[in-house]
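Asks:
Residue numbers (the working numbering): 116 to 394.
(1) DSSP on residue 140, reduced to helix/strand/coil?
(2) I'd like to check one pair, residue 259 with residue 276: are the Cβ atoms closer than 8 Å?
(3) By Cβ distance below 7 Å, which residues in the same chain neighbour residue 261 in space, the five residues on each side in sequence not counted?
(4) Our contact map puts residue 374 next to residue 141 with C-beta atoms below 8 Å; I'd like the distance itself, whole angstroms only.
(5) Taking 8 Å as the threshold (C-beta atoms), are residue 281 and residue 323 in contact?
(6) Starting from the C-beta of residue 172, find all residues in its chain whose C-beta is less than 6 Å away, skip the five residues before and the five after it, and write them out in chain order.
(7) Return the Cβ separation of residue 354 and residue 237 in integer angstroms, given the expectation that the two are a contact with Cβ distance under 8 Å.
(8) Could you tell me which whole beta strand (DSSP E) segments of length 3 or greater appear in the region 248-330?
(9) Drop a sphere of 10 angstroms on the beta-carbon of residue 317, count the other beta-carbons inside from all chains shown, and report buried for 16 or more, exposed for fewer.
(10) For residue 304 and residue 219, I'd like the C-alpha separation in whole angstroms.
(11) Which residue comes first and which comes last in the beta strand (DSSP E) that contains residue 106?
(12) In or out: residue 207 buried (at least 16 other Cβ within 10 Å) or exposed?
(13) Restricting to Cα atoms, I'd like to know which of 216, 198, 335 is closest to residue 170.
(14) From the DSSP secondary-structure annotation, give me the bridge partner or partners of residue 145.
(15) Taking 7 Å as the limit between beta carbons, can you name the residues of its chain near residue 285, skipping five residues before and five after?
(16) Less than 7 Å between C-beta atoms, sequence neighbours within five positions excluded: which residues of the same chain meet that for residue 359?
(17) Provide the residue span of the beta strand (DSSP E) that contains residue 223, from first to last.
(18) Within 8 Å, do at least three Cβ pairs link the region 211-226 to the region 335-347?
(19) Determine the burial state of residue 444: buried for a count of at least 16 other Cβ atoms within 10 Å of its Cβ, exposed for fewer.
(20) Residues in the same chain with beta-carbon distance under 7 Å from residue 279, minus the five sequence neighbours each way, listed in chain order, please.
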């Protein structure tokens, strides 16, 4: 079977033009934990990087690379919809969420693993993105995600991003997948529009590539990418099987964030190519 392995180290870390600034993705030095944002199962046993969260609350994870590990166990019985937790990228050791500079292009590489008794009821991992729209009438924050689900679905939607769907049999439960999400700010890959590219490498189903996906030019507030102030984190959202002692474990590791100046962001460059090997 042919497999594709990302050459995550191939993309050289080239300094973003100018001095460091608030919201510089290269300044991520930890994660702000926000536990039980949804708390429909308040009696669950929740551990995030080994720290218990019996009630809604905040915490911190130091270091960019991970691991970021969510572990949750549910007793049988009735309940509501889901529990949700997010570890937001931070540049102050987890004290607050990092707010992006909308003019900066970057790439985010990491591995992800979901462990659960079964693909259903659904457990959802992935990247949580909040994109503010201050010029919209009325202003609001557009929430989106790069979804990686226990039933195999991998998709991109919300936060004004163009949709990508790889289908319900993309991720293989219990395995470690490699993810590369690249963001191209407006004026980089297009004179006006922002773009992204998602590459998802599953241990069983192999490589899935969205190609370049460009923002729409028809948004009424002119949003053409991630606006300044956008926030990004790693999520864990769990529905529960009421008939068993259900569990969920989601682990993010090997996290690297690379600011990408305009001179190297266009696709086709050797630094962005994947190294291929056969087993």
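Where is the CB? At the ideal position from N, CA and C, for every residue including glycine.
Only a predicted model underlies this, so the values are computations on that prediction, with no experimental measurement involved.
Replies: So, from the listed chains and residues:
(1) helix
(2) yes
(3) 241, 242, 271, 296, 313
(4) 5 Å
(5) yes
(6) 150
(7) 5 Å
(8) 255-264, 269-273, 291-299, 310-317, 321-324
(9) buried
(10) 12 Å
(11) Not covered by the structure: residue 106. The range shown for the chain is 116 to 394.
(12) exposed
(13) 198
(14) 177, 205
(15) 267, 268, 269, 315, 317, 320, 323
(16) 191, 232
(17) 221-230
(18) yes
(19) The structure shown does not extend to residue 444, since the chain is modelled only from 116 to 394, so the question has no answer here.
(20) 270, 271, 313, 325, 328
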